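Notes to accompany the following structure.
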Amino acid sequence: MSESGPPEAAISDDALPRAGERAVLGGRLHPSVIALWSVRGGSVLVALWLVGSLERLVGVALLGVIVGSSLLRWRRFTWRIDAEGLVIEQGLFERTRRVIPIERIQAVQTVRKVSHRAFGVVGLRIEAIGGRETEGQLDALTPRVARQAQHALLRRPQPGSDVSTAAAGAGEVRPGFHEQLVADAPPGTVLARCTPRMLLLAGLTGGRVGVAAAAIGLAQQVFGERLTDAVLSAPERLGLATALALAVAGVLAAFALSVVATAVAYWDFTVRRDGLLLRLQRGLLDERRDTVPVARVQSVTVEQNILRRPLGLASVKMVVAGRAGDDGDLTSTLLPIGHRADALRLVGDIFDTTALDGAQLASMPRAARARRVARAVAVTAVITAVVAATAGLQWVPFGLASAAVTVPIAVASYRALGWAVRDDLVVARSGWLVRRISVTPVAATQSARLSSSPFQRRRDLATLRVEIARARGARDPRLLDIAAADGARLQHRLADAVSD
1053 MSESGPPEAA
1063 ISDDALPRAG
1073 ERAVLGGRLH
1083 PSVIALWSVR
1093 GGSVLVALWL
1103 VGSLERLVGV
1113 ALLGVIVGSS
1123 LLRWRRFTWR
1133 IDAEGLVIEQ
1143 GLFERTRRVI
1153 PIERIQAVQT
1163 VRKVSHRAFG
1173 VVGLRIEAIG
1183 GRETEGQLDA
1193 LTPRVARQAQ
1203 HALLRRPQPG
1213 SDVSTAAAGA
1223 GEVRPGFHEQ
1233 LVADAPPGTV
1243 LARCTPRMLL
1253 LAGLTGGRVG
1263 VAAAAIGLAQ
1273 QVFGERLTDA
1283 VLSAPERLGL
1293 ATALALAVAG
1303 VLAAFALSVV
1313 ATAVAYWDFT
1323 VRRDGLLLRL
1333 QRGLLDERRD
1343 TVPVARVQSV
1353 TVEQNILRRP
1363 LGLASVKMVV
1373 AGRAGDDGDL
1383 TSTLLPIGHR
1393 ADALRLVGDI
1403 FDTTALDGAQ
1413 LASMPRAARA
1423 RRVARAVAVT
1433 AVITAVVAAT
1443 AGLQWVPFGL
1453 ASAAVTVPIA
1463 VASYRALGWA
1473 VRDDLVVARS
1483 GWLVRRISVT
1493 PVAATQSARL
1503 SSSPFQRRRD
1513 LATLRVEIAR
1523 ARGARDPRLL
1533 DIAAADGARL
1543 QHRLADAVSD
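See below:
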């Protein structure tokens, strides 16, 4: 579809479908999706052919099957938004029909990979409450139609309106609708942005070591035992010094790859607030744009690892209710790296509060420190006993010396604990290795669970778990070793909020 035409305008309520009416937009995906699906399926065949594990004629035949099935899949794939919600129908032999009600939609992500850019299209990923995976995936839409779809999917009915859903886009716009095209999303207010220098710091102090591990795993799968034999025989063939030099170079290369991967994944990372929506942009090769309703953000966590804390740097992650997807770490990131004060200010901007600026958190009771020190002493005793049993009594002093490590860690773990309630936000802090400050709206609480182990009861302590509609892999905020009386009072307060 051509990008030229009359000026775009927002979709009005009258333009949205009511019960019994047809969808404003609907149809197939952009035809370029046939090539996208074919490339995705044929890449494995190409890799097998390059390493000599697949005959050329067999590979060509299989590639033809992949292209043909992609064509049939495109012909059988349709989607629309009507009074039921987002409706996706697909299937070559067995037809499936998935309906996602508008009110269940949590976030809509726009994806522009290199392959998308080659055809001038974008993809949409629709996340919904309770989904264990991306519930709606539209792999190829024109940019204009994608903007219409995003606007419609995230629109909420106004109070008193009988409009239960919004319209969305598909492969083509129905004639006569060009007057009602959605305008480009307004830029909104920039809340945070990462410069290349900050992304370099993110890679140096955090690192995406999983990228290097994935590269090693891929090489192992492709070359198999040949790679293992080459590594094991390197000292004998090349000499010990040369083998060690190559190993060091490999480690440095893997570290550099992780730094580069961080910059590529989060390039031009920008967070904007547009009214009740958060708009996130990131990515150099694969450009991704997330639009998340602020009301769907269940909790936000400011994280500082042991390297970033002395530098005053932090990252911010968010939990969106029921969010799934295959790149959870990326989609949960609200700020890859920034100064700690800026990170806290960003959290305050999300929740419309200034109470976090310089807020002092209440410490946990001293009994919590005594509990941790007692555990450290117990660990030291076990280490000493093991050393004495395996190495002899003369090594007992070295076992006892482990207390120089375990006890300071226990004290640091206690000092990291803290909590507060500010402007109907529950703030919890914990972690000595990775310091985490979680901020959770009282209104987001699904339930509050107060538990106390036998060791906690001896010291009148408890742990309060603030249970939220969290995404897969996310954790509920916890107030560790809070005074039992304080935990009970806060639990009642949260319970009252749930009942309201």
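Add 1052 to a position in the sequence shown, counting from 1, and you land on the number used in my numbering.
Just so it is clear, CB atoms sit at the ideal spot from N, CA and C, and this is done for glycine as well.
Only a predicted model underlies this, so the values are computations on that prediction, with no experimental measurement involved.
Rounded to whole angstroms, what is the Cα-Cα separation between residue i and residue j?
i, j, result
"V1311", "R1541", "46 Å"
"R1530", "V1371", "14 Å"
"A1135", "L1309", "48 Å"
"L1243", "A1464", "32 Å"
"G1223", "L1193", "For G1223, the predicted model reports a pLDDT of 36, less than 50, meaning its position is unreliable and no value from the coordinates is stated."
"W1447", "I1435", "11 Å"
"L1532", "L1330", "31 Å"
"A1295", "R1289", "9 Å"
"L1480", "D1548", "Going by the sequence as given, residue 1480 is Ala instead of Leu. Using only the alpha carbons, I get a separation of about 20 Å."
"A1127", "G1137", "Ala is not the amino acid found at residue 1127; the sequence shown has Arg there. Cα to Cα, the separation comes out at about 22 Å."
"R1164", "A1299", "37 Å"
"L1144", "L1124", "7 Å"
"R1527", "R1149", "32 Å"
"A1428", "F1307", "34 Å"
"L1452", "L1445", "12 Å"
"H1082", "E1141", "15 Å"
"I1402", "V1346", "7 Å"
"A1170", "V1316", "19 Å"
"R1360", "R1147", "51 Å"
"Q1158", "L1328", "13 Å"
"Q1189", "R1545", "40 Å"
"D1320", "W1089", "28 Å"
"V1303", "G1258", "16 Å"
"A1535", "R1509", "10 Å"
"L1176", "L1396", "31 Å"
"P1248", "L1256", "12 Å"
"T1241", "R1325", "5 Å"
"L1387", "D1394", "10 Å"
"G1470", "T1314", "31 Å"
"Q1543", "V1160", "34 Å"
"I1133", "G1078", "7 Å"
"L1398", "V1119", "47 Å"
"V1166", "T1442", "58 Å"
To which residues of the same chain is residue i closer than 7 Å at the C-beta, ignoring the five residues directly before and after it?
i, result
"S1551", "none"
"D1538", "none"
"F1450", "V1439"
"R1424", "A1462, S1465, Y1466"
"R1501", "R1517, E1519"
"A1468", "R1481, S1482, G1483, W1484, R1487"
"G1335", "A1317, W1319"
Could you pull the DSSP bridge partners for residue i from this structure?
i, result
"I1520", "DSSP output for I1520 lists no bridge partner at all."
"S1367", "E1355"
"T1385", "K1369"
"H1391", "L1365"
"W1089", "Paired residues: none, contrary to the question."
"L1190", "L1176"
"R1500", "The question names Arg, but residue 1500 in the sequence shown is Ala. Partner(s): V1518."
"W1447", "According to DSSP, which records beta bridges pairwise, W1447 is partnered with nothing at all."
"V1197", "In the DSSP output, where bridge partners are listed per residue, V1197 has none listed."
"L1513", "A1535"
"V1491", "V1352, V1479"
"W1126", "Note: W1126 sits in no beta bridge, so no partner."
"G1255", "Per DSSP, none; premise fails for G1255."
"I1133", "L1138"
By Cβ distance, which residues of its chain are closer than 6 Å to residue i, with the 5 residues on each side in sequence left out?
i, result
"A1087", "none"
"Q1333", "T1322, R1341"
"R1156", "A1180, I1181"
"A1237", "Low local confidence applies: a pLDDT of 45 at A1237 is under 50, so the model's placement there is unreliable, and no value is given."
Can you list, in chain order, the residues of its chain whose CB lies under 8 Å from that of residue i, leaving out five sequence neighbours each side?
i, result
"S1454", "V1431, T1432, I1435, T1436"
"R1392", "V1354, Q1356, G1364, L1365, A1366"
"P1195", "E1055, G1172, V1173, V1174"
"S1095", "none"
"Q1412", "A1472"
"A1521", "I1181, Q1350, A1373, G1374, A1496, Q1498"
"T1405", "R1474, D1475, L1477"
Would you verify that the beta carbon of residue i is, or is not, closer than 9 Å to some beta carbon of chain B?
i, result
"G1400", "No chain B appears in this structure, which consists of one protein chain only."
Inset, instruction - Take every Cβ of the stretch 1512–1522, pair it with every Cβ of the stretch 1414–1424, and state whether three or more of those distances are shorter than 8 Å. - result: yes
Legend entry - Every unbroken alpha helix (DSSP H) within the stretch 1449–1487, with a cutoff of 4 residues, ordered by chain: 1455–1467
Inset, instruction - Would you be able to state if there are at least three C-beta pairs under 8 Å between the stretch 1340–1356 and the stretch 1483–1498? - result: yes
Legend entry - Contained alpha helix (DSSP H) runs [length at least 4] in the stretch 1136–1162, N- to C-terminal order: none
Inset, instruction - Could I get the ranges of all uninterrupted alpha helix (DSSP H) runs contained in the stretch 1388–1441, with 4 residues as the minimum, in chain order? - result: 1392–1402
Legend entry - Length-filtered (3 minimum) beta strand (DSSP E) runs lying within the stretch 1285–1361: If we require 3 residues or more, the beta strand (DSSP E) runs fully inside the stretch 1285–1361 come out as 1322–1326, 1329–1334, 1339–1345, 1349–1357.
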